[in-house]
Amino acid sequence: MQTRTFRIGFMILIPVLVLVSGRAQTTNGVLSVQVGTGGTPPLALVNHGELWRYRKGTSPPPVGWQTNVDSALDGSWLSGPGGFGYADNDDATVLSDMQNNYTTLYIRKAFEVASGVDTNRHLKLVMDFDDGFVAWLDGAEIARVNAPGAAGSEPVFNAIATAGHEASGGDLASNPNAPTTYDLGAMGTRLQPGTHILAIQGLNAATNSSDLSLIADLSIEGDSSGVSEGVFFALVNTDVVLLTGSNTIPGSVRVAVNGQDAELDSAQGTWSKTQTLAPGFNRLTVQALDSAGATLASTTRDVVVELSSSYVGGTLASNNVWDSSMGIIHVTNSVVVPGGGILSIEPGAVLLLNGGTSILATNASITVNGTSSNTVYFLPADGATVWGGLVAAGTGGNLQVQHAETIAGRVEILEGATGMLEDCYLHDYLVNSPAIVHALRGASLTLRRNHVQRYYEHLIQLTPVVIEDCLCENITGDGIDFDAAPPGSVIRRCTIRHGDIFNVDGLDMGSFTDGTPTRGVVIENCLIYDFTFDKGVSIGEAAQNITVRNCVIYGVQSGIAVKDSSVATISNNTIVDSDYGLHLYQKIAGQGGGHATAYDNIIRGVGTNAVLDSLSTLTISYSDVSGPGTYPGTNNINTDPLFVNPAARDYHLLPGSPCIDAGDPASPSDPDGTRADMGAFPYNSSGAPLPPTITLQPKSQTVAEGRDVTFAVQAGGTPPLAYQWRAGWLHGDIPGATNDTLLITNVQPNAAGNYRVTVSNLAGSVASEIAVLNVITPPTISGTGFDGTNISFTFPSVTNVVYAIEYKDTLNNPAWLILRTVSGNGSPFTLDDPATNSPGRFYRVRVP
2 MQTRTFRIGF MILIPVLVLV SGRAQTTNGV LSVQVGTGGT PPLALVNHGE LWRYRKGTSP
62 PPVGWQTNVD SALDGSWLSG PGGFGYADND DATVLSDMQN NYTTLYIRKA FEVASGVDTN
122 RHLKLVMDFD DGFVAWLDGA EIARVNAPGA AGSEPVFNAI ATAGHEASGG DLASNPNAPT
182 TYDLGAMGTR LQPGTHILAI QGLNAATNSS DLSLIADLSI EGDSSGVSEG VFFALVNTDV
242 VLLTGSNTIP GSVRVAVNGQ DAELDSAQGT WSKTQTLAPG FNRLTVQALD SAGATLASTT
302 RDVVVELSSS YVGGTLASNN VWDSSMGIIH VTNSVVVPGG GILSIEPGAV LLLNGGTSIL
362 ATNASITVNG TSSNTVYFLP ADGATVWGGL VAAGTGGNLQ VQHAETIAGR VEILEGATGM
422 LEDCYLHDYL VNSPAIVHAL RGASLTLRRN HVQRYYEHLI QLTPVVIEDC LCENITGDGI
482 DFDAAPPGSV IRRCTIRHGD IFNVDGLDMG SFTDGTPTRG VVIENCLIYD FTFDKGVSIG
542 EAAQNITVRN CVIYGVQSGI AVKDSSVATI SNNTIVDSDY GLHLYQKIAG QGGGHATAYD
602 NIIRGVGTNA VLDSLSTLTI SYSDVSGPGT YPGTNNINTD PLFVNPAARD YHLLPGSPCI
662 DAGDPASPSD PDGTRADMGA FPYNSSGAPL PPTITLQPKS QTVAEGRDVT FAVQAGGTPP
722 LAYQWRAGWL HGDIPGATND TLLITNVQPN AAGNYRVTVS NLAGSVASEI AVLNVITPPT
782 ISGTGFDGTN ISFTFPSVTN VVYAIEYKDT LNNPAWLILR TVSGNGSPFT LDDPATNSPG
842 RFYRVRVP
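This note's numbering numbers the first residue of the sequence shown as 2 and each following residue consecutively.
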């Protein structure tokens, strides 16, 4: 009988599989990541986010501008980060004077090529542009699109593009195009070691064109095979991969993946790391670190590991449960939950949905039961194409979603259905209709603690809605659009930001197509900023009794606009750094002006404090309003409000502020019991402490025995705050654990259990939610055997923990080889390994 030895240990894995890349850039370097077979990574030569030289096309450029060294450029050449243009939401260097003045732009970037690059590798130029361009490499033309003249000729400085082409960040109505990759062929002898220049002339289609974009990247392609990639994630069928990439971030001496160091070749600017992945969805965070461990740049790449699969579609049985035991769940065609039925989707499930497919529940229920540590994912099957939605309809319809992530899909509540989404991440859905979150004549919709990003708009129509504690950003329509929202609807403690393209409002209160207006909506305690071409809050189409209070609004064209016979009450807001503070007017002929009562506000640092047309009415009182003189109204002032740190956007009031206790005496008292203050943040002038509140709860964690773990909490309230961490639900103070973090070193199995923290001050105390610590012990191998054909052994497993089973045929071989990886399910796992010709085999089971 052969001798077999069993050992537990740690190792370096052997990688397999496909190539997919992600990337981050600064003005001085690039950090990229690939998931692949271990080929040579792409080499970034020119990154669009770096510092470029550029020249406005107001006159002919100097001769030799495509080839002269930087030091020879004259004073007409400027410097700025790449991404050039205006009005396309993708411009790092904004050409605010281009429209109606000039039609061309010249940009160039010098770069270095080191020796030893394989001349058979291809050059790739990636262009995101509006409307045309010509590109040269060391003076030789390499690409031309929508440019007048014959190939090889340079368009004149006042030329226009021969056709329109919308960049990826352009107006959706103009059909934006994804960036285009041009394969320039094998590098050959074109790039000898030394300095080279990429030069590009961008062209607009007309002098008065609404926008321009000129964004360029140049690279040498990497080696790859078996690619299965999408825009948003990689799909692989192995759980061990090789990560490779570039790191040219200045000052970076380390690369870490999910906190673990990778191998870095600083001379070549490349890095690599083998990575064990769990079945299902994996999010990899790659960081470029300096010598002190500070993050200089980071990027993420998502990878879906498909080791087993299920396929669903059509009408289901009455009740169904989908969970991670089904492997990756492919939705091949739309799923229908029959009337009265329930579809439950359990923690950790990963769904890949074909383009256009939805999950529909008419008078039926969909419940998505993700957890903070085990999210449910709804993803496009090809990694890119919009799929459809999670849709509940009918008076018996119900959609309940917790801790889910959707990419390129929507959520809809229709015709009497109810819906609730909590703790979800919805993103990358730029379709304008249906919206990423859409309700039409629903019974109710509740949205709490959601992050919604890179989307067109929320559209809530004829449906009572509560939206609380949400982050909405990178918006191309309106952040949240209410059409005929009924009384009782509220938007509370939300952040709405980054909609800096034309015709994009933060919040929009309007009417339904039949003329039914929005009524009785409350908008309170919100932060709204970066809507530089439109309004923070737009109230129009005869909206009635709209309340906007205790909000901070900045970096917008108009802080709050009221128009077309709408009526609003505006109180205790801070509106700064905008073109207009308040704007009241008639937008649609014959609809009348806007009407508002404003009090207890701070409106400072705006171009115009308040503007209204002859059809509008506005009363401002008890407010600090900048401008010439004091704005007419009861007890208004015009003086520095003494913000704590306006440069850092901290608009709390300092002691001695003239806005303290200067609000309307008829307004509700501040939390400290004193007269109302002006502005969004009441000052605690009495000195009475405010009780603590927890703003970030400690998170449950799973760690291997012997490692360290840190729990953290964030809390507000009048300092000083005292912390006491406890083990267990009601008792068990941990001695010395009196900070906002709890570090447990060399974790042992007896440390597993519940942890919480009590935060206290003179005004009271609050206990955090329970965080659970799970400790994974090294597997204990038992039941070893050899029947003459198979070697077998058994070890216990923990649910959702990945185990790597490894072997070597001699201890003289330094490399452990992967035999199999398994995902624990809480039951013992038995491995059978057929006998080999080796006289001996050593095994170990590793917990990553």
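Virtual Cβ for every residue (Gly too), placed ideally from N, Cα, C. Since we're looking at a predicted model, the values are computed, not measured.
A straight-line Cα-Cα distance of about 46 Å links H452 and W66. The stretch 366-375 makes contact with the stretch 343-357; the number of CB pairs closer than 8 Å reaches 3 or more. V369 and V338 have their C-alpha atoms roughly 14 Å apart.
With distances taken between CA atoms, F282 lies nearest to I330 out of I330, R842, D580, R757. E413 sits buried, since 16 or more C-beta atoms from the chains shown fall within 10 Å of its C-beta.
Closest option to Q261, judged by alpha-carbon separation, among L126, N238, K809, L290: L290.
Where T277 is concerned, the enclosing beta strand (DSSP E) starts and stops at 271-277. Here DSSP, grouped into helix, strand and coil, assigns N121 to coil. DSSP, reduced to helix, strand and coil, places M421 within a strand of the structure shown. Runs of the beta strand (DSSP E) spanning 3 or more residues and lying entirely within the stretch 188-224 occur at 195-204, 213-221, in chain order.
Taking all protein chains shown into account, T94 has 16 or more neighbouring C-beta atoms within 10 Å of its C-beta and is therefore buried. A check of alpha carbon separations from Q462 across P779, S627, D484 identifies D484 as the nearest. For the 8 Å CB-CB criterion, Y456 and T575 do not form a contact. Between the alpha carbons of D709 and L743 lies a gap of roughly 11 Å. K274 counts as buried, since no fewer than 16 other beta carbons sit within 10 angstroms of its beta carbon.
Shown here, N791 sits in a strand according to DSSP, grouped into three states. By the criterion of at least three beta-carbon pairs nearer than 8 Å, the stretch 123-135 is not in contact with the stretch 243-250. Runs of the beta strand (DSSP E) spanning 3 or more residues and lying entirely within the stretch 715-800 occur at 715-717, 723-728, 742-745, 754-762, 765-768, 772-777, 783-787, 791-796, in chain order. Beta-bridge annotation (DSSP): C552 is not paired with any residue.
Annotation: the continuous beta strand (DSSP E) that includes M510 extends over 508-511.
DSSP lists T368, M421 as the bridge partner or partners of Q401.
Contiguous beta strand (DSSP E) elements confined to the stretch 584-649 occur at 596-600, 603-605, 609-613, 618-622, 644-646, taking only those with 3 or more residues. Ranked by Cα distance from S169, the first of T163, T181, N159, A160 is T181.
Boundaries of the beta strand (DSSP E) around K809: 803-809. Of the candidates G314, F234, L391, G86, the residue whose Cα lies closest to the Cα of Q202 is G86.
With fewer than 16 other beta carbons inside 10 angstroms of its own, P633 counts as exposed. In this structure, the straight-line span from the alpha carbon of C660 to that of W726 is close to 39 Å. Taking each of A385, E167, V146, S311 in turn and checking the Cα distance to V232, the smallest one comes out for A385.
DSSP places F85 inside the beta strand (DSSP E), whose first and last residues are 85-87. The beta strand (DSSP E) runs lying completely inside the stretch 317-345 and spanning 3 residues or more are 320-323, 329-338, given in chain order.
By the C-beta criterion, the stretch 53-63 is judged not to be in contact with the stretch 183-194, since fewer than 3 inter-stretch pairs fall below 8 Å. Across the set L655, D673, G680, L654, the C-alpha of G680 shows the shortest separation from the C-alpha of D665. Looking at the backbone, the Cα of I771 and that of Y756 are separated by about 6 Å. Inter-residue distance for S359 and S33 is about 34 Å (C-alpha atoms, whole angstroms). DSSP links V710 through a beta bridge to I745. When the beta-carbon positions are compared, M510 and T517 stay at least 8 Å from each other.
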